[in-house]
Structure formats: C-alpha cells, structure tokens
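Everything on this sheet refers to the single structure shown next.
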Amino acid sequence: MGDLVTMKPTENGPSSITCPMLNSNNYTVWAIRMQITLGIYKVWETIDPGSDDFDKNLMARGLLFQSIPEALTLQIGNLQTAKEVWDSIKTRNVGAERVKEARLQTLMAEFEKIKMKETEKIDDFAGKLSEISTKSAALGVNIEVPKLVKKFLNSLPRKKYIHIIASLEQVLDLNNTSFEDIIGRMKVYEDRVCDDDEPQEDQTKMMYANSDTNNDYYQGDSRGRGRGGRGNYRGRGRGRNGGRDTSQIMCFRCDKLGHYASQCPDRLLKLQEAQENAVNDNKDTQNADTLMMHEVVYLNEKNCVPSKFETNIEGDECWYLDNGASNHMTDMDGKSRIMNDVYYIPDLKSNIISLGQATESGCDIRMKGQHLIMLDQYGKLLVKAKRSKNRLYKIRMGLRDEAVYIKVEKEICSSCLLGKQTRKMFPLEATFRASKKLELIHGDLCVPITPSTKAGNKYIFALIDDFFRYMWTILLKEKADAFQKFCNFKSLVEKESSTRVQTFRTDRGGEFVSHEFNSFCEKSGITRHLTAPYTPQQNGVVERRNRTMMEMTRSILKHMHLPNYLWGEAIRHTTYLLNRIITRSLKDKTPYECFRDRRPTVEHIRIFGCIAYAKIDKQQLRKLDDRSRILIHLGTEPGSKAYRLFDPQTQKVVVSRDVVFDEGKGWDWKYSNTGKDGDGSFDITFHNFGNHGLQDYEEISQSEHANIEQNKQNHDETEEIEHEACEEEINSIEKLKHGSINKHKARLVAKGYVQQYGVDFEEVFAPVARIETIRLLIDLAASHGWEIHHLDVKTAFLHGELKETVYVCQLEGFEKQGREEKVYRLNKALYGLRQAPRAWNNKLNNILMELGYNKCSKEPSVYRKQVSNHVMIVAVYVDDLFVTGTSLELILKFKKEMSSKFEMSDLGLLSYYLGIEVIQHSKGITLNQSRYAIKILEETGMKDCNLVHTPMDPSYKPSKVETEKEVDATVYRRNIGCLRYLLHTRPDLSYSVGVLSRYMQSPRESHAAAMKHCLRYLKGTISLGLLYNRCDKAKLNGYSDSSHNVDPDDGRSTTGNVFYLGESPISWWSKKHDTVAMSSCEAEFMAGTEAAKQAIWLQDLLSEITGNSSEKVTIFIDNKSAIALTKNPVFHGRKVTHVPGEEQKADILTKALERIKFKEMRDLIGVRDMEKEDFELKGEIVGVSSKT
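Okay, so the sequence shown: first residue is 1 according to full-length UniProt numbering, each after it adds one.
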C-alpha cells in the first residue's frame, strides 16, 4: 500500500509513529491511516471541522507533507492550512461530485463482476471484496453487510464450495450474519478441502520438468550485485526468495501457485525448444542434453503439446510410432499404401502407428540403442526408425530403409452413418447418351398449375428424345389421362420417324407405374427406366428442360402482362421455340433440324401476346364496317400455315392467315370500365375509342377529342353512382330450406390475419350452443308440444362494440380525395377481425340481459326467461337464434323486441338449422340430414355405388398396417370430416366413423376400403334420422358399454354411451379409452365413470332450463362386476341398473355387429326411417299391389 516513513519522537506525541506514503493506488487506505495518525497527534481538528491554531496547523501540515511524494509536495506546498492541503489531496485522488459518481459506477461494476478463481485463496478474495467496500464507503456509498456476504458466497467456485454454501444458506440467516463470520467458516472448510486434495496432486502431474534441488547449475551460495538472484544465495538489495513461503507465490506466466516465473515449467520447455532448434545434430544436441540432464520429468497431458517438441515436422509423410496408441490413425485419404485397420481422422495433425496393434498382428518390436525395429511374423523387416531429439520415433513414408508402402482404408462407423450420412454426389454429365432417334424418351408430369386453362387443363406432360433433344408437351386435365396421351404419342411419333420407341424413362409417379401402363409398355416392347425414390436428378434431362420451359413461360406472360390462365398457350409457344433454337447438347444444329432432317423457318415467328390485326372474312360487310379486328397473338396454329389469335371480347381463339402484327404494343389490361370473363380470372379494359383504343392520342382529330371528353365526363358520373352503390351494405347470404342460397351479399372484410395478439386483440372466444344442447331443447319442445322458431341477425358482427383501438386503411378505389394517407378508426367490429365474434357475443348477451333473460350456468349460450307460469328459452349459435317456449305470444313479443334492437330475419318455424333438416308436426319433431348425405356421396363419387347393410364389416380388424401403401391423406381426411358432421343425427355411424378417424395421420389402403364400405352403407340409408315424440313426462336415463382390448395397436378399449330424454336419444358418443384397462370389468367401470360425468351435466342443465329439480338419472350397464364397483362416490346421486346384453342400446357404439344384430340395435337405439315416418304422419298406408 506504499512505503512507510518513520517520524521522530516529539514532546507532545508518541515516541514513534509511522506515516503511510501516498501513491496513485492507495488513497483510501492512506486516508484512513492518516486520520488515525493525525488524531494521535491531536491535530485532526485542523482538518475536520478546521482550526486557525498556528501550531496545530504546522504539525498537521508537517505530517501530511511527510506522507506524500515530492512531486505532489511541490504542487501543494504553498497552501497555508492543513485543511487546504487535505482537501487538495482529496480532490486530486477522489475528484469532484461527478467524478465521484463515475468512480463509484466503475467500482460497483467491478463489484458485480468479480469472481474468485479456482487457485485463489479465501483470504485473498475476501481482501479484494473488503477493499472495494472500503473504497465505496470513501466515495459516500456503504455496501451493506448482507449484500457483501451474499456476493462473497455467490462468487466462490461452485464445484469446490457448493456443499458448504448450501449448508450455510440453510443454517444461517445471511441477513444477520457478519462478513467476518462467513470468512472464518469458509477458511476452515478451505483448509479441510486442501488437506483432502493433497494426495491427489501428485497423480495429476504427468509430464514436464522441474529443477533438481541438488544441482548447482542454477543454485549456489555466491554473492552478487543487484536486486537478488534466482537461487537461494544472498545479494545486495532486496532479494525475492528471502525466507518466503513459495506455496503462496503465483506465477505470472501460468497463474499457478508454488513457483516463480523464472522456475515455471512452461518457460523451461520453451527454453529447451529454442536450444534444440538452434543447434546442429552434433555439438548443439550435446549442449541441449547438458541443459536437460538434471531434470525430473513429470507427465502432464493438459499442457503437453507435441508440436513444441518437434524439431522437423514433415507433414503427411511423417508417422510416429507410439506404444500408447490403441489404433493406427491418420488424416490421409486415398493414399496407395498397405496397412489394415487404420482409423481415418480428417483433422489429425500427426499420423500414428500403434505398436500395440502391430504386436496383435504378429509383428516383433525391438528397441536397441537409438533405433526401433519392427519385423513381421516371418522376420521380414517392416520399419526401422531412429529416435529423434525429443525422444520420439518417427518414419518418413517412401524411404525404403524405413517402411514399406502403407494403404489407409476407411473404417465404416455405423453411428457416424446414422447421424451424419448425406446423399452421394450426382455426376455432372450423364454416363449414357442415346445413339439414335427414339432410343430413349424422357418423360415427366409437372405439378398442377393454377389457375387452369379455359379447357380445364392443369398438368403438363413433357416428353424429350434423348438423342436429338426434340421436345413434345401435352396438356392434361387429370393425371389419369397420361396413359392414353402416351399411347397416342407413341403411335404418332413412331409413324413420323419410321422407328419405334425403345426405352421410356420417368419417375415413380403413380400415373407411370400403374398396371395398365406397365402392361402396355411390356406388350409394346418398351423398356422402362424408373428413377430412385425422391431422386429427380436421375431424370435430369427432362427436369432441366421443364425448368427452362416454365421460366420462358413466366417471362413471356409477364412481359406482355397477359392473364395467367393463358399459360397453356404460352407452354405450346415455348415448346415451339425450344425445338427451333440451338442447344449445347447438339453441335451447330437445332433439335428440329436433327429430328426432322430439315432446317426450320423462323421468319413467321412473332412476339407472343402482341397486338394482331386480323382480316374480317365475313361476306356481308357493309361499306363502312371495319375490315379487321384487334386480337392477341398466341403463336402459330399446329398443323396449319396460320396464326393462332385470341379475342378478349368473345373469349374465343381465332385462326387466321391474314394478320398484321404490331409487336411494339400489347393489350391494355386495366380496371376502369371493365368487363369480366366467365370465371372472373381477369379484367379486360375497353377504351373509349372502341376497337381503336390502341391508336396514338395525337392522331385523334379535334372533333373526336371533344367526344372523348364528353364520354369521360359521363364515365365519371357513372363511376360515382357505382361507388355509392358499393358503399351500401347488402344483406348477408340467406339460406332457404335444405341450404339453398336465397340472396348474395357483398361485404367489407378486414384483414384479420395481420392482427397481433396483445396489440390488436385480447380475447376471441365466443361460446356457441353444443349440439347435445340443441337436441335436448328439441326433445323438450317435442314432448311438451312447443313451437320452435328461427331468427337470424343480419350483419351480426357489425353490431359488436370494440374495446380495443383498431385502425383500417381506406378501401381501395374509395379513398377520400386529398386524404389518401389517412386511415379509419373502427368504433364497431368488421367481419374478418379476430375479436369480432366475441364482440358480437358480448353485445347480444347485454341485449338479452336487458330483456330479462338469464344465462344458464351449465350452457352459456342458452338463456331462460320466466313470465308467470310461462317459460321462454333462447339458444344462440353465432347469429342464429333458436327460440322456443310455452307461449306463442311471448315468442312473438321477443321477435318484436329483437327487431327493435337489430335488423332481423324472421325465418318462421325452425326448418333448417346447422345443416339439419327439421320437421315439426303435431306428433313430434323429426331430424335428418338426407340432403347432406347425398352431397357427400356426390363429392366422393359414390352416388351410384352398390349398397351394403352395415357400416363396417364385422371381420375387419382396424390397425395401423404400416406395411400397406398409403393413400391420399387429404381426400381421406376430407371425407372423414364430412362423415363426422353427419353424426349429429346418425348414431348408427358413430363407431365406424370414430374408428376410421384414428388413422387420419397416415391412412392406408385398408382404411380407404373401410371408408368406402361406410359410404356404401350411407347410400342405402340416406333417409334415416331421429324422431322426437310428444309425451307427458320425459325421464332422463343413459346406457353405458365398453369393448375390452379391441385395438391391436395399443390394446385400449372403446367406450360407448347414449342418453335419452323419454324414448329419443339426445347425447351419444363412441371413443377410445385414454388408458389401457386390465379387464373387461375395469373397462366397463371406466365407461360408466364417463357416463356419470355426462349424466351430471345433463341433469343440471335440464333442471336449470325447466326450473324443476330432475329425478335421479338411471345408468344401465350390462356388467355386474362393474356395477359392484359403483359404490365409488363418483356415482353418488345416480342409479346404476343391470341390463341384459341384448337390450344394451350402447352396444352399437362399441363394436362392429353382424347384419341382423346391427339392424336390431339400430332400431333399439332410436334411429328411424324418415320416409316411412312421413307416410305414417300423413295417414297413408303403403302396401304391395297384387295386380299384375
């Protein structure tokens, strides 16, 4: 902390006081010591608070000047009082307030960053923390003791002190523990750990030199001059080793304790290397040995770097013979040398021959003198190596007197291949090229292109002759057309070229490997070449040509701004051009010239898409009629000396020979005064010039210009009217019975997909009525003879009030002039907003609450209102309102109230709801989905299929069957989704559709066949549905069943539950258990537990809707063992009754049944034929006539 100065004794002070010497680093400690010293001499009051006493000031100044350097004394020596001297010193070392803050920040950053090193002692590290704390206090900020203690514990090396730290944190209260107490405890633990680690230190040392204590080369008793020597001798000045404990000395070279930098092993190693590099093979080697002859060698692999000992590294030609290596190792690949079982390590710096592995192969190893000799099992010399200066044996490959030729072979590592294997390189050029015409044909089918052409084509079938690179392209509507097109192509090209197709190379697409395609090629003598799976590079000729063709097609379409649906014409024109331009595969010839044996003509080729004036050939032209019309050029007509032209007005292709082209102009496609084509894929702009819209403006006469201005004015007025019409909201799409569209709607929709959660919206969930609730309400209305009415809210989402602040851009084409840069702020929701459904639901909930309706706690989308003895019930499904109740007067009143709040559509009695056809009559209500079933059959192509009597074959055992071929997963999932929606009124399909739904991730052929079987059953049962009869008192009961261990993949059981209100089902499901049941009893019990949960919910919901407490729900189970287990509290409040298996209505939901059993259970569960029910309701009797 600085040198010490001894003061002479004074009369008034102590006999001997030592003043600390100030330097640039010890101001804090110096200030503390000087404060004590000045206090001893009783002169501290001259500084704090300050005194004018001359003697005391003189004494204080003397003490201060004795403790500061001479340079500082010269700077502040003219100050008269001790306080001025002290403040000057303090300002120079501490600084002003801002400087204090900067130093304090630096000090605190050091405090947060400081960590104890592995080799550091507890005392040393505690001293560093204490020093920082003292400096911080001098700067005006005291570091609290708890913070200092926690910092100390957190900064210790975790591996070494983790156990004692954890113990102290649990035993002590760190907030009330002193810093000294913690240091004392840690020092005790440190001493104990060091004692335990001492025996292990010698085991970790493995190499490198230390000086022998008996050697006099560096050590001696001679006297010397200077500041001390490097040994234990004495010298003038202050020596470095004079009796100090070297265990506490840290080397500044390697940061290790126990030696000085002059004795560092790393330094000695470098000295050895320098000596060896500087000497020759004779004299200098002897000198280096002299330097190292008195070394004690330790092994220390951590610091061992062989390159530092190597005197002459010769790269890949150098091999080391090592008796410690387990295998031969090298980084050389592909060398023609013979050696077996060599590990190939790409980044290995030195090649190694394992002597141990050599002896296992029968080699004889001999070491004598400075040579190592390796003999094979027959005594033949293999290797003779001389020991180098670093005591290593090495050989240089290629020298006959040292080693034979060695061949390095890679070893196959299965783990590396499993983790790192990549695809092999493909050759830059094909190894085979056809030698004659049609010897090899390349074929490929491009992916479907959207939009399709006017003819409905979506695919491109490309064929290329390998020898001449001549190309054919065929447009297809479906992939299945590829076979017939190839047959036509083969017949045509073989007649043209008078030779036959020999080989056809394609990928493994289904259209090319079908049975009929393979049979045709086999009968025609065509050899098939198929690429490896997922390897289109093997069919690179056609793949690269496809890329070139599509690039040209896109370019010519974009250049002339043509609509995308004309890509078919562009493909045909591109093929025409590619066959007539030079390719690198042919030398100085085009594919057309090589294949047709004649030069092509190109004078007739014009820019694709340019303007063409075609002569009108009508015979009855009047004198002033136009003699030509403006069309679009689409290339040449195949098989004809004429051009192919397109008329945008009539959407037809015109073939004409008399054409004049304006290749510098194209058709003007804009969005003003437009007419749309049939499918709306593009817009055609007709200028006010009529058919002359492409002429230059300067050529128009003054009179024509006036007419144009008038037309523009009329056009602007028409545009304003169109804008006003578009701004009005048109009614939403309304659906009549069976889902037919009543009227269309135009609606402004927001781009909700760009909204961000937490910024533009928070909650988006809006509850809707469950389908079980809807069936329960229908059954309740049917049993009591209530009418059910249907209301629809027009533009419902537009009524929702937003809580968030949402901005939208102005509608394109309807911007406010002069305010185009501004946006709209939404006060209410728009369709497309993520929060629009919830905003509408909240709005409707508030309105219903105002009208006196109460929300059901068990079903938030159902509202109930009690008026005297009458009950009103409203179920909400987005904007559809399901209304029923005991009083028709209340229903009509509700309609008027809602009409005053919203713009409503009164759809009368409920007839079509959520895709379900509803028929209300005096005896009850019927539900069916016959029209939806017909639509499913039409979309799947099964409308004319044969009928079956059961939805699933009882002998079919569904499983994953991963060995079967996969089918189109998209089509499979779409069909399963349609069937699942059909389950709303068809419980007889629940099991079969539920089983097929388990394999949507990877459907196989057997799953697709089972789905078709289900569709065939649907074909014969379209008219099936549910009937809810009128009855006096309806009781709630349920049936529960389970099939044990029916899934061959995971052994889990299938549960089936069905609940009735009266005699009609209102809730059912068929699903697989979440866990595996160990017995049929356990499976039945698990199914009963799920049924009990559903019974609780239905019972509470029914009680809340009717306002009466319902009776206990009876659950029927056909397993007596499971019934015995129902003493579990989960069944409290429910009655469990045994039912015979033939009366178990849930049996149809757990397994595939035989034909007769299935029909019996289908009738038992409550599924009815609606056609027969209709005849019965109408009072008609249908019988069989006996008349012939």
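Glycine included, C-beta positions come from ideal geometry on N, C-alpha and C.
Owing to the predicted nature of the structure, the values given are computational and were not obtained by experimental measurement.
| Minimum length 3: unbroken beta strand (DSSP E) runs contained in the stretch 791 to 843 | 801 to 808 and 824 to 828
| According to the Cβ coordinates, are E1143 and I1117 closer than 8 Å? | On the sequence shown, position 1143 is the one that residue 1143 refers to. On the sequence shown, position 1117 is the one that residue 1117 refers to. No, the pair does not count as a contact, with Cβ atoms beyond the cut-off.
| query | Quick one, are the C-beta atoms of Y378 and A385 less than 8 Å apart? | reply | The residue labelled residue 378 in the question sits at position 378 within the sequence shown. The residue labelled residue 385 in the question sits at position 385 within the sequence shown. No; because the gap between Cβ atoms is not below 8 Å, this pair is not in contact.
| message | On the DSSP bridge list, what partners appear for G443? | response | Position 443 of the sequence shown, counted from the first residue, corresponds to residue 443. DSSP output for G443 lists L463 as bridge partner(s).
| query | Count the other CB atoms within 10 Å of the CB of K420; is the residue buried (16 or more) or exposed (fewer)? | reply | Counted from its first residue, the sequence shown places residue 420 at position 420. By the 10 Å Cβ count, K420 comes out exposed.
| field | Cα-Cα separation, residue 1219 to E820 | value | The structure shown has nothing for residue 1219, since the chain only spans 1 to 1188.
| Would you say F461 and A430 are within 8 Å of each other, going by their C-beta atoms? | The residue labelled residue 461 in the question sits at position 461 within the sequence shown. The residue labelled residue 430 in the question sits at position 430 within the sequence shown. Not a contact, by the Cβ cut-off of 8 Å.
| query | Closest by CA to T1054, which one among S990, L1018 and D1100? | reply | Residue mapping note: residue 1054 aligns to position 1054 of the sequence shown, counting from 1. The shortest Cα separation from T1054 among S990, L1018 and D1100 belongs to S990.
| Buried or exposed: where does M1170 fall if 16 or more other Cβ atoms within 10 Å of its Cβ makes it buried? | Start at 1 with the first residue of the sequence shown, and residue 1170 comes out as number 1170. Counting Cβ neighbours within 10 Å, M1170 comes out buried, since at least 16 surround it.
| Per the contact definition of three or more C-beta pairs closer than 8 Å, is the stretch 645 to 660 in contact with the stretch 587 to 594? | no
| Among residues of its own chain, excluding the 5 on either side of E543, which ones have a beta-carbon nearer than 7 Å to its beta-carbon? | Against the sequence shown, residue 543 aligns to sequence position 543. Excluding positions up to five away in sequence, the list reads D444 and P536.
| Own chain partners of K893 with C-beta closer than 7 Å, once the 5 adjacent residues on each side are dropped | Against the sequence shown, residue 893 aligns to sequence position 893. Once the five neighbours on either side are set aside, K893 has no close Cβ partner at all.
| message | Less than 8 Å between the beta carbons of residue 1199 and L833, yes or no? | response | Because the chain is modelled from 1 through 1188, residue 1199 falls outside the range shown and cannot be assessed.
| Can you tell me whether A614 is buried or exposed, with buried defined as 16 or more other CB within 10 angstroms of its CB? | Position 614 of the sequence shown, counted from the first residue, corresponds to residue 614. So A614 ends up on the buried side.
| query | What does a CB cutoff of less than 6 Å around I143 pick up in its chain, not counting 5 residues either side in sequence? | reply | Working through the sequence shown from its first residue, we reach residue 143 at position 143. Same-chain partners within the cutoff: S133 and S136.
| Can you list, in chain order, the residues of its chain whose CB lies under 6 Å from that of L440, leaving out five sequence neighbours each side? | As a working mapping, residue 440 is identified with position 440 in the sequence shown. Once the five neighbours on either side are set aside, the close Cβ partners of L440 are A434, D466 and T503.
| DSSP-derived helix/strand/coil call for E964 | On the sequence shown, position 964 is the one that residue 964 refers to. In the structure shown, E964 sits in coil (DSSP, three-state: anything other than H, G, I, E or B).
| request: Kindly identify the DSSP beta-bridge partner or partners of A385. | output: Looking up residue 385 in the sequence shown gives position 385. Looking at the DSSP assignment, A385 forms a beta bridge with L372.
| query | Is it buried or exposed for F432, if we count other Cβ within 10 angstroms and need 16 for buried? | reply | Locating residue 432 in the sequence shown gives position 432, counting from the first residue. Per the 10 Å Cβ criterion, exposed.
| Inter-residue Cα distance where the pair is G510 and E516 | On the sequence shown, residue 510 is found 510 positions in, with the first residue counted as 1. On the sequence shown, residue 516 is found 516 positions in, with the first residue counted as 1. Going by the C-alpha atoms only, they are around 11 Å apart.
| query | Span of the beta strand (DSSP E) holding I916? | reply | To locate residue 916, count along the sequence shown from 1; it is residue 916. It spans I916 to H921 - the beta strand (DSSP E) in which I916 sits, taken as one unbroken run.
| query | Are there three or more Cβ pairs, one per stretch, closer than 8 Å when the stretch 956 to 969 is compared with the stretch 1060 to 1069? | reply | no
| said: Output needed for L530: all residues of its chain with C-beta closer than 6 Å, excluding positions within five of it in sequence on either side, in chain order. | reply: Start at 1 with the first residue of the sequence shown, and residue 530 comes out as number 530. Excluding sequence neighbours, L530 sits near R508.
| message | Given a cut-off of 8 Å on the beta-carbon distance, is the pair residue 1190 and I916 in contact? | response | Past the edges of the chain, shown from 1 to 1188, lies residue 1190, and the structure says nothing about it.
| task | Could you tell me if G818 is buried or exposed, where buried requires 16 or more neighbouring beta carbons within 10 angstroms of its beta carbon? | result | One-based indexing of the sequence shown puts residue 818 at position 818. By the neighbour-count rule (16 or more Cβ atoms within 10 Å), G818 is not buried but exposed.
| field | Cβ separation of L22 and P69, assumed to be a contact under 8 Å, to the nearest whole Å | value | Here the question's residue 22 lines up with position 22 in the sequence shown. Here the question's residue 69 lines up with position 69 in the sequence shown. Between P69 and L22 the Cβ distance is about 7 Å, and since that is below 8 Å, they are a contact.
| task | Pull up the distance between the alpha-carbon of I934 and that of I1022, whole angstroms please. | result | For this step, residue 934 is matched to residue 934 along the sequence shown. For this step, residue 1022 is matched to residue 1022 along the sequence shown. Distance between the alpha carbons of I934 and I1022 is about 7 Å.
| request: Leaving out five residues on either side along the sequence, give the residues of the same chain with a beta carbon under 8 Å from the beta carbon of N1029. | output: Within the sequence shown, numbered from 1, the residue matching residue 1029 stands at position 1029. Same-chain partners within the cutoff: A782, S783, K923, G924, G1062, E1063 and S1064.
| request: Identify the continuous beta strand (DSSP E) that holds A642 and give its terminal residues. | output: Here residue 642 corresponds to residue number 642 of the sequence shown, with the count starting at 1. Counting along the chain, A642 falls outside any beta strand (DSSP E), and DSSP gives it neither H nor E.
| message | If distances are taken between C-alpha atoms only, which option among L1098, K56, K1151 and G1088 comes closest to K1120? | response | As a position in the sequence shown, residue 1120 is number 1120, starting the count at 1. The residue with the shortest Cα to Cα distance from K1120 is G1088.
| Do you know how far the Cα of K42 is from the Cα of R238? | Position 238 of the sequence shown, counted from the first residue, corresponds to residue 238. Position 42 of the sequence shown, counted from the first residue, corresponds to residue 42. With a pLDDT of 40 at R238, under the threshold of 50, the predicted position of this residue should be treated as unreliable, though the coordinate-derived value follows. Approximately 36 Å between the Cα atoms of the pair.
| Could you check where the alpha helix (DSSP H) with K151 kicks off and where it finishes? | Here residue 151 is taken as the residue at index 151 of the sequence shown, counted from 1. Element bounds for K151: V145 to N154.
| message | Let me confirm a value: C413 is counted as buried when at least 16 other C-beta atoms fall within 10 Å, else exposed. Which label applies? | response | For the purposes of this step, residue 413 is taken as residue 413 along the sequence shown, with counting starting at 1. By the 10 Å Cβ count, C413 comes out exposed.
| request: Could you check if H633 is buried or exposed, using at least 16 other CB atoms within 10 Å of its CB as the buried criterion? | output: The residue you call residue 633 lines up with position 633 of the sequence shown. So H633 ends up on the buried side.
| field | The beta strand (DSSP E) enclosing G1038, as first and last residue numbers | value | The sequence position of residue 1038 within the sequence shown is 1038, counting from 1. Per DSSP, G1038 belongs to the beta strand (DSSP E) from L1036 to S1043.
| request: Might you give, ordered along the chain, the residues of its own chain that have their beta carbon closer than 8 Å to the beta carbon of G1020, omitting 5 neighbours on each side? | output: Here residue 1020 refers to the residue found at position 1020 of the sequence shown. Answer for G1020: L947, V948 and H949, listed in chain order.
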